[in-house]
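Residue numbers (the UniProt record's numbering): 1 to 1025.
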């Protein structure tokens, strides 16, 4: 039975006309409105309560992962994953940006009929939690749990729709049990090994740091301590075994344009494959002992004539051997950790010289046969190439700087020039690092190009055993050992008899032991080393006394596979079921910050390829074996930053007077410098998203974040610009809210007649063409007299308003096309907001929305009101992914509860009155039918715009001359065209020749143009006079 509630317009008490065949929903909320207008923050709270109540009323999870048995269902899957956050305590704007992007896309695909997987979890291990625990004297688990609870509330407050039933934290033993299982699987396959390595050691945090965690001056990026170099026994993962496959995968991603080019370039550079030559430099020593030749790797064999020294890494075997008997050399090596990574300091190995291998050729000039000094140089990396470089100051930037520092009085040798007829470079132009031609001083190789000389020199080196063609990689095996507590314990037991033995799967997880006293005393270091009850155990192989490994894993190991676990988080025995993997992998869209473009993505790709070879095996059907199909690397959020122009000191906003527009004044009266920089506490430019959310509303904040910049670019945060988004939302809300009685009547009419816009427009045009009412689309009105009345009124209305209706609905259909493409293909979410704003203006300013009583169709409903209603309905559905609470409110105000729910919304458990139970708008095929009667035409004279007039669309099947005549006639048919583009229109009565009109008079007559250029189907025409 239909129940009707009448709506009265008083602001304090709001009743809604609610038409529903059946019963009312169990939870009913009134639309929010006050005398001050729309309050978006209150609206957020209202709809979050409703969503939470809806979720509590459900007895089953909203989403089920597809398995082998249900993989053939009609709904396609879409796995959308944002990079999970580290629970630092509060979400910042960068978090809000990435999670808004993923939530918007997830909501769009869900409305488009996809079975969407959109999980969230917590990257909960790591050094910050351990340091916080020491500072506060509490267990890191307690600190982490508190932060997770706080950030979860903040995530819910951003109006996101997450699969909370998939939530986990990497510090949960139920998760890191499988991380340990992954490690033992790698160990079993020979890809996890232990070796001594010279590492970066932070003496304050007492842990190993990756090279990326050490700044250019040799200080820890986190603690600020001077980093030490120590030789420790560490665990590594042999990622180098997959380096070629990792490189090949990038080629596929580049070809398909699925990842940003800059990310692909960064990954490719990190892999660092280079083809070059191994060159052996014989050694001459004063002690008459025999030494192995020093081997170097080079990609510039053409510069071999320019070698003036050799440089060895401090860890080169020859250097380490000599240091045992050379106290001065050892003292230098001891000082190396205190030097910056780009230090130009060197130690010359006296008594040792190197010989250029080309000097053995008789045709080589004597000047190139001089023996070469050998230096120990900190800028040479021991783990790249052979730990040695041939120094070519004339053609390498680092070599040039080193030579200037250590042999500044000796000239730099230049052996490559840009052109054949060019003289050698002056000292001011060095080093010359490009390819070119060898100089006339290079003996038999003179005037050869770089490519030709490289081939010739390599052939000579091959023939005398001094060189060979080789490939080199920058990528090194992944060091995963960390000397800290708060991480996944490495599941290895050290036995004196058996060596390192992996803990069996049935004994996993190896859980972290409680060490309350360590935190209570605020002690530093790794407490696992002193947890004797935990450390001392039995060998899983022989049963003898053994000790557990006390290092924990790099947190990158957790994040290298977490996306697999989200698909089957409750699986106790396996990473995930193979059926689930087969039907849901890979991740369709991966969203995260550009700062993770190298290491995290590289490690995740490596682990996925390894898992594809082992556990997943045949479950991975994608031949590329890439874990993430599409990568959206969003840019950072930068805040407005004020600095003192004299000292460069960062200023707090409270230290700057901002009352005068554009002039941030300091107390001294000087104008502060203003820039946009990465947000940080030290720069006083951070923004609390919680304050913005309460001030403007979550939906306005979401829309503003998307609107301000393309998602891949840096977002410069302008809080003052968010008011534009708020005005947009309020304007639309007021337009809908003020016409409640109309929407009730229109909705009632729609439910009776079962119309759609396509049928109505098609039949309406036919009616106007034939002037008969038999062709009308009204089929469900039983009373023939009522039917005739409706038809007659409709035809009458359409005769006067068809063009405005066509223009409105064409705008709706065009927006659907653009917005769908932006959501689905280009992910240009900033243009989605822009297009929706434009459509809002079109609807609210359309002549169809003007009130009138002369176009009544039936029951006080006009044909215009029907199309305004339909347009608003499509607009709100397109807005819903971006502004979910606002869309829900407007959807309810439109009184659309009795509309049918989506017939392709997979597994939707939303209540039928929710906008998210509706399908995302699709074009109805009327766009071409709605060709406007006129179009703007920009008229240019000799390339300069003179005026814009409205003319009919250009007819089809006209030749060039016919187009020129037709468009000229149509332009001159307009009053403005005749006045400004025909000379004879200048004969105006002298009394009417006002100064204000003189500028409109023209000496041009477009009928006499020498050439006419028509472009854009008549939207622009240029007359060449």
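Every residue gets a Cβ at the ideal spot worked out from N, C-alpha and C, and that includes glycine.
When the Cα of residue i is compared with those of the options, which residue comes out closest?
| i | options | result |
| --- | --- | --- |
| residue 581 | 216, 77, 619, 712 | 619 |
| residue 228 | 234, 204, 237 | 204 |
| residue 91 | 129, 154, 142 | 154 |
| residue 878 | 922, 659, 332, 294 | 922 |
| residue 38 | 960, 737, 802 | 737 |
| residue 309 | 595, 377, 97 | 377 |
| residue 361 | 743, 490, 460 | 460 |
| residue 525 | 1006, 127, 56 | 127 |
| residue 269 | 475, 171, 401 | 475 |
| residue 917 | 939, 953, 934, 880 | 880 |
| residue 615 | 687, 186, 1013, 113 | 186 |
| residue 488 | 528, 365, 659, 316 | 528 |
| residue 595 | 83, 51, 54, 56 | 83 |
| residue 530 | 539, 510, 538, 551 | 551 |
| residue 396 | 313, 307, 351, 409 | 307 |
| residue 494 | 559, 504, 537 | 537 |
| residue 827 | 747, 707, 837, 761 | 707 |
If you draw a straight line from the C-alpha of residue i to the C-alpha of residue j, how long is it?
| i | j | result |
| --- | --- | --- |
| residue 296 | residue 199 | 23 Å |
| residue 46 | residue 882 | 17 Å |
| residue 951 | residue 970 | 6 Å |
| residue 451 | residue 368 | 21 Å |
| residue 871 | residue 739 | 14 Å |
| residue 946 | residue 1017 | 19 Å |
| residue 440 | residue 382 | 35 Å |
| residue 1010 | residue 453 | 60 Å |
| residue 712 | residue 564 | 25 Å |
| residue 7 | residue 725 | Because residue 7 carries a pLDDT of 31, less than 50, the predicted location of this residue cannot be relied on, and the following value inherits that uncertainty. Cα to Cα, residue 7 sits roughly 29 Å from residue 725. |
| residue 449 | residue 303 | 11 Å |
| residue 80 | residue 578 | 20 Å |
| residue 389 | residue 446 | 24 Å |
| residue 744 | residue 893 | 9 Å |
| residue 561 | residue 624 | 17 Å |
| residue 934 | residue 732 | 28 Å |
| residue 955 | residue 861 | 36 Å |
| residue 664 | residue 702 | 28 Å |
| residue 401 | residue 456 | 29 Å |
| residue 610 | residue 181 | 13 Å |
| residue 660 | residue 683 | 22 Å |
| residue 141 | residue 568 | 24 Å |
| residue 648 | residue 686 | 18 Å |
According to the Cβ coordinates, are residue i and residue j closer than 9 Å?
| i | j | result |
| --- | --- | --- |
| residue 492 | residue 541 | no |
| residue 519 | residue 139 | yes |
| residue 93 | residue 715 | yes |
| residue 949 | residue 974 | yes |
| residue 40 | residue 669 | no |
| residue 844 | residue 676 | no |
| residue 929 | residue 867 | no |
| residue 125 | residue 171 | yes |
| residue 151 | residue 87 | yes |
| residue 603 | residue 626 | no |
In the UniProt domain "Methionyl/Leucyl tRNA synthetase" (83-215), which residue ranges form an unbroken alpha helix (DSSP H) of at least 4 residues, counting only runs that do not cross its ends? Uninterrupted alpha helix (DSSP H) stretches at least 4 residues long and entirely within the UniProt domain "Methionyl/Leucyl tRNA synthetase" (83-215) occur at 93-111, 127-136, 140-157, 173-188, given in chain order.
Below 8 Å, can you find three or more Cβ-Cβ pairs linking the region 256-273 to the region 402-414? By the C-beta criterion, the region 256-273 is judged not to be in contact with the region 402-414, since fewer than 3 inter-stretch pairs fall below 8 Å.
Touching or not, the region 551-558 and the region 476-484, by the rule of three or more beta carbon pairs under 8 Å? Because the criterion of three Cβ pairs below 8 Å is met, the region 551-558 and the region 476-484 touch.
When the Cβ atoms of the region 351-362 are set against those of the region 461-469, are three or more pairs found closer than 8 Å? At 8 Å Cβ cutoff, the stretches touch.
Would the region 243-250 count as touching the region 270-277 if we require 3 or more Cβ pairs under 8 Å? The region 243-250, when compared against the region 270-277, does touch it at the 8 Å Cβ threshold.
Say whether the region 637-651 touches the region 591-604, bearing in mind that this needs 3 or more beta-carbon pairs closer than 8 Å, one atom from each stretch. Output reads no: the region 591-604 does not touch the region 637-651.
If you scan the region 935-992 from start to end, which runs of the beta strand (DSSP E) of 3 or more residues do you find wholly inside it? Those beta strand (DSSP E) runs which fall completely within the region 935-992 and span 3+ residues are 935-941, 944-951.
At 4 residues or longer, and completely inside the region 703-749: list those alpha helix (DSSP H) runs for me, N to C. Within the region 703-749, the complete alpha helix (DSSP H) runs of at least 4 residues are 722-737.
In chain order, what are the residue ranges of uninterrupted alpha helix (DSSP H) at least 4 long that sit wholly in the region 811-886? List check, alpha helix (DSSP H) in window: 829-845, 863-879.
Is there contact here, the region 106-116 with the region 141-158, by at least three beta-carbon pairs under 8 Å? Result no; under three Cβ-Cβ pairs closer than 8 Å.
Can you confirm whether the region 543-553 touches the region 161-169 when touching is taken to mean that 3 or more C-beta pairs between the two stretches lie within less than 8 Å? They do not touch, by the three-pair rule.
In the region 388-417, which residue ranges form an unbroken alpha helix (DSSP H) of at least 4 residues, counting only runs that do not cross its ends? As far as the region 388-417 is concerned, its whole alpha helix (DSSP H) runs of at least 4 residues are 397-406.
Does the pairing of the region 585-593 with the region 212-225 give three or more beta-carbon distances under 8 Å? Taking 8 Å as the limit for Cβ pairs, the verdict is that the region 212-225 does not touch the region 585-593.
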